[in-house]
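A.B. asks: The opening residue of the sequence shown carries number 1 in the UniProt record's numbering; numbering runs sequentially from there. Don't be surprised by glycine CBs; every beta carbon is placed ideally from N, CA and C. Model, not experiment: these values are computed from the prediction. Here it is, the structure in full.
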Amino acid sequence: MKVAPFIRKSGVDPADYPSWNRDKLITELRKIVQKVYSGNRLEEVLREIIGYYVDRGEEKEFEFYVNRFTEFLSDLLFVVPTVDGIMARRNAGWEIYAYSLYHYNDATWNGDVPKKLRGPVHGSELPYTIGKRKMKNAEEVQANAEEQAVAEVFQQSFIEFVKNGFPSNDHKAWLDVGTDADIHYLQITPNPKMKQGFYNGMQSRC
1 MKVAPFIRKS GVDPADYPSW NRDKLITELR KIVQKVYSGN RLEEVLREII
51 GYYVDRGEEK EFEFYVNRFT EFLSDLLFVV PTVDGIMARR NAGWEIYAYS
101 LYHYNDATWN GDVPKKLRGP VHGSELPYTI GKRKMKNAEE VQANAEEQAV
151 AEVFQQSFIE FVKNGFPSND HKAWLDVGTD ADIHYLQITP NPKMKQGFYN
201 GMQSRC
């Protein structure tokens, strides 16, 4: 499967947001599962997926269904492979450091996107690591103390990791993933915190 074309074809047109409901979400999930799964347990797999991505805390509004579709794609393409890679490398004796970016700047989003659909997305680290930013009010963002704090966490940590082998920064001690089933990770915000349980639900799905 070529990932980039798959992502483009799987995107949701903003004009279609209001049409998203339970039936549409289930239909789209089924289409994707049928493309990537060829086993003889299709209906069982679909029941489990629907239970997790549709039934869990279901809210009868289009933002909920679009968000859950996005969550499914994110898990399929990024989260599950990431957790699988962390576990495999840790078991092989590697020293691993994990993080999850919880911060986003509203200026990165088109004003037409509903508030409930906004948040950090794949590639959101780029403005803080290599300075790539696509927004109209870049000067305001650069002067923002929260943005500066997040940039410092990334930049200081990455520099120290390259130089010394561990990602230290002036904001929060960044521990490795540890040996427990609940993986340690740095939750990156303007006030970063060490957390435990990095995508716990995904470990049983890897």
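Could you give the DSSP three-state label for residue 37: helix, strand or coil?
C.D. replies: For the purposes of this step, residue 37 is taken as residue 37 along the sequence shown, with counting starting at 1. Coil, per DSSP.
A.B. asks: Is residue 99 helix, strand or coil when you go by DSSP?
C.D. replies: Locating residue 99 in the sequence shown gives position 99, counting from the first residue. Three-state result, residue 99: strand.
A.B. asks: Which residues share a DSSP beta bridge with residue 184?
C.D. replies: Residue numbering aside, residue 184 sits at position 184 when the sequence shown is read from its first letter. BP columns for residue 184 point to 196.
A.B. asks: With 16 other CB atoms within 10 Å as the buried threshold, where does residue 20 fall?
C.D. replies: What you label residue 20 is simply residue 20 of the sequence shown in a count that begins at 1. Classification for residue 20: buried.
A.B. asks: Which residue comes first and which comes last in the alpha helix (DSSP H) that contains residue 61?
C.D. replies: Reading the sequence shown from its first residue, position 61 is the one you call residue 61. First-last for residue 61: undefined, no H or E at that position.
A.B. asks: Among 180, 72 and 105, whose alpha-carbon lies nearest the alpha-carbon of residue 145?
C.D. replies: Within the sequence shown, the letter at position 145 stands for residue 145. Taking only the C-alpha atoms, the option nearest residue 145 is 105.
A.B. asks: So, using beta-carbon positions, are residue 114 and residue 63 closer together than 8 Å?
C.D. replies: Position 114 of the sequence shown, counted from the start, is the residue given in the question as residue 114. Position 63 of the sequence shown, counted from the start, is the residue given in the question as residue 63. Their beta carbons are under 8 Å apart, which means residue 114 touches residue 63 by this criterion.
A.B. asks: Classify residue 32 as helix, strand or coil using the three-state DSSP reduction.
C.D. replies: The residue you call residue 32 lines up with position 32 of the sequence shown. The answer is helix: DSSP assigns residue 32 an H, G or I state.
A.B. asks: State the start and end residues of the unbroken alpha helix (DSSP H) segment that holds residue 127.
C.D. replies: Residue numbering aside, residue 127 sits at position 127 when the sequence shown is read from its first letter. Unbroken alpha helix (DSSP H) run through residue 127: 126–129.
A.B. asks: Should residue 124 and residue 101 be called a contact, given that it needs their Cβ atoms to be closer than 8 Å?
C.D. replies: Within the sequence shown, residue 124 is the residue found at index 124, counting from 1. Within the sequence shown, residue 101 is the residue found at index 101, counting from 1. Cβ distance < 8 Å, so residue 124 and residue 101 count as in contact.
A.B. asks: Counting only the same chain and skipping the five closest in sequence on each side, list residues whose C-beta sits under 6 Å from that of residue 171.
C.D. replies: As a position in the sequence shown, residue 171 is number 171, starting the count at 1. Correct list, in chain order: 153 and 192.
A.B. asks: With residue 188 and residue 122 assumed to form a contact (beta carbons below 8 Å), what rounded beta-carbon distance in angstroms separates them?
C.D. replies: As a working mapping, residue 188 is identified with position 188 in the sequence shown. As a working mapping, residue 122 is identified with position 122 in the sequence shown. Not confirmed; about 15 Å, so no contact.
A.B. asks: Would you check if the distance between the CB atom of residue 79 and the CB atom of residue 199 is smaller than 8 Å?
C.D. replies: One-based indexing of the sequence shown puts residue 79 at position 79. One-based indexing of the sequence shown puts residue 199 at position 199. Yes, these two residues count as a Cβ contact at 8 Å.
A.B. asks: Looking only at its own chain, which residues have a Cβ that is under 6 Å from the Cβ of residue 95, when we skip the five neighbours before and after it?
C.D. replies: Sequence index remark: in the sequence shown, residue 95 carries index 95 (1-based). Cβ within range, chain order: 176.
A.B. asks: I want to know whether the region 23–31 touches the region 41–60 - three or more CB-CB distances under 8 Å.
C.D. replies: Segments in contact, yes.
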